[in-house]
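Below: one structure, written as structure tokens.
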Amino acid sequence: MHLLLSALIGLSAGLLSGLFGIGGGVIVVPALILLLGLDQRTATGTSLAALLLPVGILGVLAYAREGAVRWPVAALVALGLLLGTFFGARLAWQLPEGALRVGLALLLIGVALHLLLRR
């Protein structure tokens, strides 16, 4: 059952990532926690490992083919992601599990409110 759920989580996240540019923290991490019972840190690490190649390579190829990638912006964002992911992962091991869960929930609520209320 976990193998099927894992594949469905990946399929759903891939579809949403291709449509909206989301995936890791918004879809995969909560799904791994809720559906597979992983703890916050393991869900985050698993999500990062799973998203490394398929989202990064295949997603960008589809958008680049249509001229919808701004490479200088992407390079700067990637640099920030490298640094931020490194320090964020180190910080995650310093915080209690509950604080990580609350932080993720607040982030998701904030993003949802922003999308709903934006004009």
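Heads up, the numbering used here is the position in the sequence shown plus 122, with the first residue counted as 1.
From the three backbone atoms N, C-alpha and C, an ideal C-beta is built for every residue, glycine too.
Among the options, which residue has its Cα nearest to the Cα of residue i?
i, options, result
"G147", "P218, L222 and L175", "L222"
"A227", "P152, I144 and L125", "P152"
"G181", "V224, R212, A196 and S139", "S139"
"I144", "L239, V233 and R192", "V233"
"S169", "L201, T207, A186 and L217", "T207"
Could you tell me the alpha carbon to alpha carbon distance between residue i and residue j, rounded to whole angstroms?
i, j, result
"L198", "L130", "32 Å"
"L156", "H124", "12 Å"
"R179", "A190", "The sequence shown places Ile at residue 179, not Arg. So the alpha carbons of these two residues sit roughly 14 Å apart."
"A165", "P194", "31 Å"
"G210", "L126", "30 Å"
"R192", "A214", "31 Å"
"L128", "L175", "Correcting the residue type first, residue 128 is Ser in the shown sequence and not Leu. Approximately 16 Å between the Cα atoms of the pair."
"L203", "G167", "15 Å"
"G212", "H236", "The displayed chain sequence assigns Arg, not Gly, to residue 212. Approximately 28 Å, taken between the alpha carbons."
"G225", "E219", "10 Å"
"G229", "A184", "The identity of residue 229 in the sequence shown is Leu, whereas the question assumes Gly. C-alpha separation (whole angstroms): 28 Å."
"A196", "L238", "26 Å"
"A200", "R187", "20 Å"
"Q216", "R241", "38 Å"
Use the C-beta contact count for residue i: other C-beta atoms within 10 angstroms, 16 or more gives buried, fewer gives exposed.
i, result
"I231", "exposed"
"A172", "buried"
"V259", "This structure leaves residue 259 out entirely; the chain is present only between 123 and 241."
"L154", "buried"
Open item on the list: Closer than 8 Å is the cut-off here; do at least three beta carbon pairs connect the region 159-166 with the region 126-142?
Closed with: Contact between the region 159-166 and the region 126-142 is absent, with fewer than three C-beta pairs closer than 8 Å.
Open item on the list: Quick check for students: name the residue ranges of the alpha helix (DSSP H) that lie wholly in the region 126-201, counting only runs of 4 or more.
Closed with: Runs of the alpha helix (DSSP H) inside the region 126-201: 151-158, 162-173 and 182-187.
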